[in-house]
Amino acid sequence: IISVTDSIPPVLSATPVDRTYECAEQVEAAPVQVATDNCGVVTLNFEETTNPGSCPNQYEIYRRWYAYDLCGNTAEHWQTITVHDNVPPVLLTTPVDRTYECADDVPAAPVGNATDNCDIVFVDFSESIINGDCHNKFTVVRRWLATDLCGNTDEHWQHITVYDGKAPTFDQTVPPAVVDVDCAQEV
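Per our numbering, the very first residue in the sequence shown carries number 716; after that it's consecutive.
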């Protein structure tokens with residue numbers, strides 16, 4: 716009697732390692748997998764499931780390759796891919812604080828620009844004025860806030876102080892404060 720027993724499991728050609736990425740567009744497609752078996756006939760199955768997170772760049776992918784031969788010997792490999800964007804965007808608009816003497820000297824706010832490791836970023840701008848006791852005494856407070864799709868933020872504040880501390884000057888000759896006149900009709 717000749718007895719043949721196959722107890723050798725199939726062999727998977729690739730066993731990709733677990734990976735972590737910051738952005739969804741960095742995730743590579745599942746590699747092409749080939750399974751071989753010492754007796755020649757092998758079946759290979761692939762499954763991929765996604766566990767969504769709280770934003771487009773925070774989730775997990777689970778990949779499973781499962782091979783089996785005619786005698787029920789099996790080989791299995793799992794790969795976990797984690798996508799987690801915790802990198803804040805970077806504001807490119809960061810004007811410094813300034814002081815001016817006159818309200819008319821205050822420039823318009825620059826347009827807010829930002830970059831993000833995962834490309835999509837929104838920039839919000841707000842401006843408020845803290846009034847002083849005259850037209851040329853006040854503070855402008857500007858805020859730029861960059862936010863990416865996962866809620867990571869970068870913030871910049873600018874304070875512009877307008878303070879007219881110079882006394883006015885005359886640009887013409889001023890008549891004397893006391894004028895001697897002989898008659899009332901000369902006044």
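Glycine included, C-beta positions come from ideal geometry on N, C-alpha and C.
Residue nearest to residue i in terms of C-alpha spacing, selected from the options
i, options, result
"residue 772", "803, 817, 871 and 812", "803"
"residue 867", "885, 746, 834 and 761", "834"
"residue 733", "721, 717 and 793", "793"
"residue 869", "839, 824, 886 and 750", "839"
"residue 727", "837, 779 and 769", "779"
"residue 725", "742, 749 and 740", "749"
"residue 721", "764, 795, 743 and 789", "789"
"residue 765", "791, 817, 796 and 828", "796"
"residue 746", "860, 888, 763 and 886", "763"
"residue 814", "875, 799 and 729", "875"
N- and C-terminal bounds of the beta strand (DSSP E) containing residue i
i, result
"residue 852", "852–863"
"residue 755", "First-last for residue 755: undefined, no H or E at that position."
"residue 841", "836–849"
"residue 876", "868–878"
"residue 775", "773–784"
Exposure of residue i, with buried meaning 16 or more beta-carbon neighbours within 10 Å
i, result
"residue 862", "buried"
"residue 882", "exposed"
"residue 864", "buried"
"residue 738", "buried"
"residue 936", "Any answer about residue 936 is impossible in this case: the structure gives the chain only from 716 up to 902."
"residue 831", "buried"
"residue 819", "exposed"
Spatial distance of residue i from residue j (CA atoms)
i, j, result
"residue 848", "residue 821", "18 Å"
"residue 759", "residue 718", "27 Å"
"residue 687", "residue 878", "Outside the displayed span of the chain (716 to 902) sits residue 687, for which this structure offers no information."
"residue 844", "residue 851", "12 Å"
"residue 842", "residue 777", "46 Å"
"residue 826", "residue 808", "7 Å"
"residue 805", "residue 858", "14 Å"
"residue 787", "residue 751", "14 Å"
Write down every uninterrupted run of the beta strand (DSSP E) in the stretch 799–838 whose length is 3 residues or greater and which is fully enclosed by it, in chain order. 813–815
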